[in-house]
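Inspection log for the structure reproduced underneath, given as C-alpha cells.
There are 2 protein chains.
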Amino acid sequence: MAGQHTLNETESEVVSRLGDLQLDFEAMAVTSNLFRAANAVRNHLERTVLAKADLTWTAFVVLWVVWIWEPIETRGIAAEGGFSKATLSGVLATLEGRGFLTRERSVADGRLVLVSLTPAGRRLMKKLFPEFNQEERNITRHISTGDLPQAAQILRDLIRATE
Amino acid sequence: MAGQHTLNETESEVVSRLGDLQLDFEAMAVTSNLFRAANAVRNHLERTVLAKADLTWTAFVVLWVVWIWEPIETRGIAAEGGFSKATLSGVLATLEGRGFLTRERSVADGRLVLVSLTPAGRRLMKKLFPEFNQEERNITRHISTGDLPQAAQILRDLIRATE
DNA sequence: TACCGATAATTCGGGTCCGAACGATTATTG
DNA sequence: CAATAATCGTTCGGACCCGAATTATCGGTA
Chain C
7 MAGQHTLNET ESEVVSRLGD LQLDFEAMAV TSNLFRAANA VRNHLERTVL
57 AKADLTWTAF VVLWVVWIWE PIETRGIAAE GGFSKATLSG VLATLEGRGF
107 LTRERSVADG RLVLVSLTPA GRRLMKKLFP EFNQEERNIT RHISTGDLPQ
157 AAQILRDLIR ATE
Chain F
7 MAGQHTLNET ESEVVSRLGD LQLDFEAMAV TSNLFRAANA VRNHLERTVL
57 AKADLTWTAF VVLWVVWIWE PIETRGIAAE GGFSKATLSG VLATLEGRGF
107 LTRERSVADG RLVLVSLTPA GRRLMKKLFP EFNQEERNIT RHISTGDLPQ
157 AAQILRDLIR ATE
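Protein sequences, first through last, are from chains C and F.
Just add 6 to the spot in the first sequence (first one is 1) and you have this note's numbering.
Just add 6 to the spot in the second sequence (first one is 1) and you have this note's numbering.
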C-alpha cells in the first residue's frame with residue numbers, strides 16, 4: 007500500500023532535480039503521509055466492513071450523516087460529509103433506489119430537500135456501524151493511547167488551515 | 007468545509023441511537039478528521055496551485071512520481087501513488103495525450119511498460135512543484151513546529167496499521 | 001404585484017476510481 | 001519441451017467526484 011521508497015531516498019532524488027531550491031521536506035512528508043493514510047484506511051474499511059453490505063465509502067458516510075441528523079437538508083449532508091452537492095445528488099439517487107433513504111421537499115422552504123432514512127436504512131446502520139467502529143479501533147490501536155487526542159487535534163489544525 | 011457540528015454534539019447523537027453499545031469515540035474522531043483533512047487539503051491545493059495548470063490531484067501525483075523515479079514501471083507508479091493500476095491506465099492516457107509523458111514497452115520484460123516524462127513534462131514539474139511545496143508549507147505552518155515530525159509519524163502508524 | 005438578487009438542488013461533461021475479466025508475456029514444472 | 005502457473009498492463013462496467021450551467025424558489029423592494 008505505502009510506496010516502497012523511504013522518505014530519505016525520495017528527498018535526495020528531489021534535491022538532485024531541483025538543486026538548491028528551498029523546499030520544506032517536513033511539509034512534504036506530512037501531506038504525502040496524510041494522503042497515503044487516508045487512502046489506506048479507506049480501502050481497508052471498504053474491504054473489511056463495507057464490502058459485505060455492498061456500500062462504497064461515500065455511500066456509507068452519507069448514510070451515517072443522515073442517520074445521526076435526520077431529517078437533514080442536502081446542503082447539510084454535503085457540508086458534513088465533505089463533498090460537493092453535485093457528488094451528493096448522484097449518491098442520494100443510488101441510495102434512494104436501493105431503499106435506504108427518502109427525499110422530500112420541505113414545506114417551509116420549497117428550495118430545500120429533506121433526507122431521512124427508511125426503516126431498512128436504520129436497520130442497516132444499527133448493524134453496520136458497530137462493526138465499522140470496531141475496525142476503526144483496530145486501526146487506531148497502533149497509535150499509542152496518549153497520542154490519540156493529539157492526532158485528532160493535528161488533523162483538525164490541517165482542516166482549519168485550508169479555510 | 008468542515009462539518010458544522012462539534013464532536014460532542016455528534017457523540018451525544020450517536021449515543022442516543024446506539025444506546026449503551028461500546029463505541030470508541032476517539033477512534034471515530036481520528037478517522038473522521040483524517041478524511042476531512044485529506045479532503046480539505048486536496049481541494050485547497052487543487053484550487054490554489056493545480057487549477058492554473060489544469061491538473062487534477064491524481065494527475066499531479068503521477069507526474070511527480072514519474073519525475074522523481076523515471077523511467078518507472080506502471081506497477082511502481084501505482085504503488086508509489088497509492089491507487090490501482092486500473093485508475094492509473096486512464097490517467098496515463100490523459101497525460102500522454104497532453105504530451106507530458108511517454109510509455110514504452112520494456113525490452114528486458116515484454117510485460118512491463120516504462121514511463122518517462124517528456125521535456126514539456128519536466129518543464130511543468132520544475133515550475134509547478136516549488137509552488138506546490140510553498141502551499142504545503144502554508145498549510146502545515148498551522149501545526150506547531152515541534153509537532154510536525156510527530157504528525158508525520160502518526161500518519162505513518164495509520165498506514166502501517168492497515169497492512 | 002412585478003422585478004431581482006440570493007439561495008438550493010439538480011443536471012451535464014469530463015475526469016477519476018476500483019474490482020473483475022482479459023490478452024499477452026514470462027517463469028515453472030513434470 | 002509442452003503444459004501450466006504467475007505476472008503485467010489494459011479494458012470494461014458501474015460508481016464517484018467536481019465546477020459550471022440550469023431550474024426552481026425565496027426574500028426583499030418599489
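Heads up, the beta-carbon is just placed ideally off N, CA and C, and yes, glycines get one too.
Keep in mind that this is a model prediction, so the values were computed, not measured.
Item	Value
Residues that Val97 (chain C) contacts on chain F, provided the C-beta gap is smaller than 8 Å	Those within 8 Å of Val97 (chain C) in chain F number zero; the least Cβ separation is about 15 Å.
Delimiting residues of the alpha helix (DSSP H) encompassing Arg109 (chain F)	Premise fails: Arg109 (chain F) lies in the beta strand (DSSP E), Leu107 to Arg111, not in any alpha helix (DSSP H).
Residue-level contact to chain C via CB, Arg129 (chain F), 7 Å cutoff	no
For Glu137 (chain F), the three-state DSSP class (helix, strand or coil)	helix
Span separating the alpha-carbon of Ile165 (chain C) from that of Leu120 (chain F)	37 Å
Element boundaries [alpha helix (DSSP H), containing Leu69 (chain C)]	Trp63 to Trp75
Amino acids of chain F, ordered along the chain, whose beta-carbon sits closer than 7 Å to that of Arg143 (chain C)	Asp30 and Ala33
Interface positions of the segment 86 to 115 of chain F facing chain C (Cβ-Cβ less than 8 Å), listed along the chain	Glu86, Gly87, Gly88 and Phe89
Contact residues within the segment 156 to 168 of chain C, judged by C-beta distance below 8 Å to chain F	Gln156, Ala157, Ala158, Ile160, Leu161, Arg162, Asp163, Leu164, Ile165, Arg166, Ala167 and Thr168
Residues sharing a beta bridge with Glu79 (chain C), DSSP	C:Leu120
Local conformation of Phe41 (chain C) per DSSP, three classes	helix
Straight-line gap, Phe138 (chain F) to Ala126 (chain C) (C-alpha atoms, nearest Å)	46 Å
Rounded separation between Arg23 (chain C) and Val36 (chain C) - CA only	21 Å
Span separating the alpha-carbon of Asp115 (chain F) from that of Lys133 (chain F)	34 Å
Burial state of Gly88 (chain C) (16 or more Cβ within 10 Å)	buried
Where Arg42 (chain C) falls, given that 16 or more other Cβ within 10 Å makes a residue buried	buried
Coil, strand or helix - Leu27 (chain C) by DSSP	coil
Cβ contact check for the segment 145 to 159 of chain C and the segment 152 to 164 of chain F: 3 or more pairs under 8 Å	yes
Chain C contact residues for Thr146 (chain F), given Cβ-Cβ distances below 8 Å	Asp30, Glu32, Ala33, Val36, Thr37, Leu164 and Ala167
Residues that Val20 (chain F) contacts on chain C, provided the C-beta gap is smaller than 7 Å	Ile74
C-alpha gap between Leu123 (chain C) and His50 (chain C), whole angstroms	26 Å
Residue range of the unbroken alpha helix (DSSP H) whose run includes Ala57 (chain F)	Where Ala57 (chain F) is concerned, there is no enclosing alpha helix (DSSP H), given that its DSSP letter is neither H nor E.
The alpha helix (DSSP H) enclosing Arg166 (chain F), as first and last residue numbers	Leu154 to Ala167
Residue range of the alpha helix (DSSP H) that includes Glu102 (chain C)	Lys91 to Gly103
Cβ-based burial, Arg111 (chain C) [other Cβ within 10 Å; buried from 16]	exposed
Within 7 Å, strictly: CB atoms of Glu141 (chain C) and Val67 (chain C)	no
Chain F within 7 Å of Arg81 (chain C), Cβ atoms only	no
Three-state class that DSSP yields for Ser18 (chain C) in the structure shown	helix
C-beta atoms of Ala65 (chain F) and Leu94 (chain F) nearer than 7 Å	no
Which listed residue (F:Phe106, F:Thr168, F:Leu118 and F:Ala92) has its alpha carbon closest to that of Ile78 (chain F)	F:Leu118
Interface residues of chain F facing Ala43 (chain C) [CB-CB closer than 7 Å]	Leu40, Leu161, Leu164 and Ile165
Residues near Arg109 (chain F) in its chain [Cβ-Cβ closer than 7 Å; skip 5 each side]	Leu98, Glu102, Val119 and Val121
Beta-carbon contacts of Ala157 (chain C) that lie in its chain and below 7 Å, excluding the five residues immediately before and after	Ile149
Selected residue, minimal CA-CA separation from Gln28 (chain C), among F:Gly25, F:Phe135 and F:Pro155	F:Phe135
Buried or exposed by the 16-neighbour rule on C-beta atoms within 10 Å, applied to Ala92 (chain C)	exposed
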